[in-house]
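Comments concern the structure below.
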Amino acid sequence: MLNKWNPWVLLFALSSLIAAFSQMLLKKSASEPHSSVIREYMNIKVIAGYGLMVVGMLLCVLGYARNVSMQSGSVMESIGNLWVMLLSFLFFREPVTKRKLAGNALIIAGIIVFNLF
Amino acid sequence: MENTKKHEIKGPKGLLSILAIQLAVMLYTVSSVCAKMAGTHPGSIRIFGMEISGLSPAGIRWLFLEVLCLGLYAVVWQQIIKRYDLSIAYANRAFAIFWTFIWSVLIFHEPVKPLRLIGIIIVFCGIMTVNSDVE
């Protein structure tokens with residue numbers, strides 16, 4: 004049961020929050036016009052976005068170094084969907100629908116079921 | 004509101020699109036494999052006199068590979084989110100949890116516990132539910 008639960012798995016939740024912020028930056032950049040293909044990639048939002056993603060990845064390495072299993076890490080990372088919903092609302096005013104809420108409730112339930120056994 | 008024209012996921016072309024997105028998703032999960040490899044190489048390195056534990060020189064090589072995967076993924080993913088709605092891209096990314104599960108069993112010999120698998124399936128259903136919310 005929970006006695007084997009590794010608290011370092013929470014690093015993956017933090018990592019996915021950082022990754023969600025990076026997605027916001029990438030989406031912002033992708034929806035803006037650019038003068039050239041190079042500019043599509045070489046702009047501050049894309050660079051910052053992928054920089055944040057690297058920080059998130061390093062947090063995952065740290066988690067794995069603390070004996071978090073790959074299955075536990077990936078399941079915890081799925082909480083990123085919740086972060087994306089919240090941040091999409093904040094940055095793009097995307098509506099928080101009942102379906103999104105239900106889906107995220109399922110994700111949380113799945114994470115709990117996974118970590119209980 | 005953005006005005007960029009989005010591709011539709013229909014017909015053989017749509018199938019190719021999904022395949023392309025899935026390859027990107029697979030690449031993303033391979034970067035996680037590298038992260039796990041980097042993290043499971045115990046030891047420490049010394050940078051500017053500072054001891055950094057958890058990353059041996061062998062681990063650093065995996066970290067480099069991870070960044071390489073991430074870089075390649077970055078180029079592909081940027082094109083994907085430019086062409087498709089984030090919701091479609093993320094619906095496909097839902098499968099990452101299964102790819103990761105496959106790698107965890109095949110490469111790291113992690114156990115396949117039925118109840119954990121149920122947890123993973125519930126998470127997958129949740130992700131699909133979230134992403135089925137397309138206007």
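Chains as they are written, first to last, in the numbering used here: chain A, 4 to 120; chain B, 4 to 138. Ideal placement from N, C-alpha and C gives every residue a C-beta, glycine not left out.
DSSP state of residue i mapped onto helix, strand, coil
i, result
"residue 8 of chain A", "coil"
"residue 98 of chain B", "coil"
"residue 96 of chain A", "coil"
"residue 71 of chain A", "coil"
"residue 125 of chain B", "helix"
"residue 60 of chain B", "helix"
"residue 115 of chain B", "coil"
"residue 131 of chain B", "helix"
"residue 31 of chain B", "helix"
"residue 87 of chain B", "coil"
"residue 46 of chain A", "coil"
"residue 82 of chain A", "coil"
"residue 110 of chain B", "coil"
"residue 35 of chain A", "coil"
"residue 43 of chain B", "coil"
Residue i versus residue j: straight-line alpha-carbon distance, rounded
i, j, result
"residue 87 of chain A", "residue 24 of chain A", "8 angstroms"
"residue 70 of chain B", "residue 30 of chain B", "11 angstroms"
"residue 131 of chain B", "residue 39 of chain A", "35 angstroms"
"residue 67 of chain B", "residue 95 of chain A", "34 angstroms"
"residue 94 of chain B", "residue 76 of chain B", "17 angstroms"
"residue 100 of chain B", "residue 46 of chain A", "31 angstroms"
"residue 66 of chain A", "residue 8 of chain A", "13 angstroms"
"residue 43 of chain A", "residue 51 of chain A", "13 angstroms"
"residue 81 of chain B", "residue 53 of chain A", "10 angstroms"
"residue 71 of chain A", "residue 90 of chain A", "27 angstroms"
"residue 102 of chain B", "residue 109 of chain A", "20 angstroms"
"residue 85 of chain A", "residue 26 of chain A", "13 angstroms"
"residue 17 of chain A", "residue 24 of chain B", "25 angstroms"
"residue 104 of chain B", "residue 93 of chain A", "32 angstroms"
"residue 97 of chain A", "residue 119 of chain A", "33 angstroms"
"residue 20 of chain B", "residue 79 of chain B", "12 angstroms"
"residue 121 of chain B", "residue 41 of chain A", "44 angstroms"
"residue 104 of chain A", "residue 83 of chain A", "13 angstroms"
Residues near residue i by beta carbon distance below 8 angstroms, same chain, minus five either side
i, result
"residue 65 of chain B", "37, 38, 40, 41, 44"
"residue 72 of chain B", "30, 31, 33, 34, 37"
"residue 100 of chain A", "none"
"residue 76 of chain A", "12, 15, 63, 66, 67"
"residue 26 of chain B", "79"
"residue 113 of chain B", "107"
Residues near residue i by beta carbon distance below 7 angstroms, same chain, minus five either side
i, result
"residue 106 of chain B", "32, 36"
"residue 61 of chain B", "44"
Candidates the options: closest to residue i by CA position
i, options, result
"residue 123 of chain B", "A:92, A:69, A:74, A:83", "A:74"
"residue 85 of chain B", "A:8, A:49, A:62", "A:49"
"residue 22 of chain B", "B:128, B:120, B:91", "B:91"
"residue 28 of chain A", "B:121, B:89, B:98, B:118", "B:89"
"residue 113 of chain A", "B:110, B:27, B:119", "B:119"
Integer-rounded CB distance, given that residue j should sit under 8 angstroms from residue i
i, j, result
"residue 59 of chain A", "residue 22 of chain A", "5 angstroms"
"residue 133 of chain B", "residue 106 of chain A", "3 angstroms"
"residue 69 of chain A", "residue 136 of chain B", "Between residue 136 of chain B and residue 69 of chain A the Cβ distance is about 35 angstroms, and since that is not below 8 angstroms, they are no contact."
"residue 28 of chain B", "residue 111 of chain B", "Going by Cβ atoms, the distance from residue 28 of chain B to residue 111 of chain B rounds to 19 angstroms, so no, they are not a contact pair."
Contacts around residue i, its chain only, beta-carbon distance under 6 angstroms, and the 5 residues preceding and following it disregarded
i, result
"residue 116 of chain A", "none"
"residue 80 of chain A", "15, 19"
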